[in-house]
Each structure stands twice: as C-alpha cells, then as structure tokens.
Amino acid sequence: MTDSKTLPGSKTLPDTGPGTLAVVDPERARPHAVVFGVVRLACGPWVGRPDLRAAFFEGYGRELTDKEERSLRCLAALDAASAISWGVPHHDPEIVEGGRPTLAGLERGDAA
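No gaps in the numbering here: position 78 of the sequence shown is 96 in my numbering, and each next residue is one more.
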C-alpha cells in the first residue's frame with residue numbers, strides 16, 4: 019500500500035505505541051509498486067545527494083532491483099507530468115516547477 023505522506027504539506031502522526039494504527043489521508047491509499055514510495059525522494063532531496071540515497075537504502079536494507087530502477091524512472095516521469103498538467107490550469111507555479119527539473123533530468127539521463 020502507498021499513501022500520500024510524501025506530498026508537500028502532509029503531516030505525520032506521533033508514535034503512540036505498539037498496536038496503534040494511524041491512518042492519514044486514507045482516500046489516497048492504494049495498492050502500488052513498492053518503488054512508488056521513493057519517487058518524490060528520488061526527484062527531490064536525493065538530486066545531487068547520493069549520500070542521502072545511500073543512507074535511505076542502507077536503512078531500507080537493500081538497493082532497488084534493475085526492474086525497480088526502471089519502474090522508478092517511469093513513475094518519476096508520470097509524477098512530473100502529473101504535477102505540470104495539474105499545476106498549469108490551477109495557476110500553481112510551485113507545483114509546475116517541481117515537475118520540470120525531473121523531466122529535464124530524465125531527458126538527460128541523470129534523474130531518478
């Protein structure tokens with residue numbers, strides 16, 4: 019399952035102990051590829067910071083498989099196109115500008 023916790027403005031709940039279930043933004047939760055959860059990291063804070071990516075995957079316990087890496091690039095392109103196509107008609111330049119560098123990086127071959 020994935021959710022939208024990596025979206026800008028999303029909140030996380032404090033840990034309230036074992037056996038507690040916290041559901042934030044359940045209308046966006048859905049079955050999805052495991053790699054979907056790292057798209058916004060790969061296209062945001064990890065850009066130019068291989069140390070952050072390495073630290074994440076060290077904690078995760080493994081690197082992505084070749085298939086997951088290919089999926090990440092595809093999902094990054096979809097995420098960027100979605101941001102631009104939503105941001106333009108809604109006059110949200112911050113969202114639009116979040117998508118453009120990802121597409122440019124994918125075109126150069128150095129993103130996601």
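Just so it is clear, CB atoms sit at the ideal spot from N, CA and C, and this is done for glycine as well.
On a predicted model such as this, the values are computed, not experimentally measured, just so you know.
Query: Contact check, residue 70 vs residue 94, beta carbons under 8 Å; Result: no
Query: Through-space distance from residue 72 to residue 104, alpha-carbon basis; Result: 32 Å
Query: Length of the line joining the Cα atoms of residue 111 and residue 85; Result: 33 Å
Query: Residue range of the alpha helix (DSSP H) that includes residue 75; Result: 68-78
Query: Extent of the continuous alpha helix (DSSP H) to which residue 87 belongs; Result: 84-105
Query: Own chain residues within Cβ distance below 6 Å of residue 75, not counting five before or after; Result: 81
Query: Contact with chain D by residue 74, beta-carbon distance below 8 Å; Result: Absent here is chain D; the protein component of the structure consists of one chain.
Query: Own chain residues within Cβ distance below 8 Å of residue 100, not counting five before or after; Result: 117
Query: Identity of the residue in 106, 113, 91, 121 nearest residue 56 by Cα; Result: 91
Query: Pairwise C-alpha distance: residue 35 and residue 51; Result: 28 Å
Query: Buried versus exposed, by CB contacts within 10 Å (16 or more), residue 97; Result: buried
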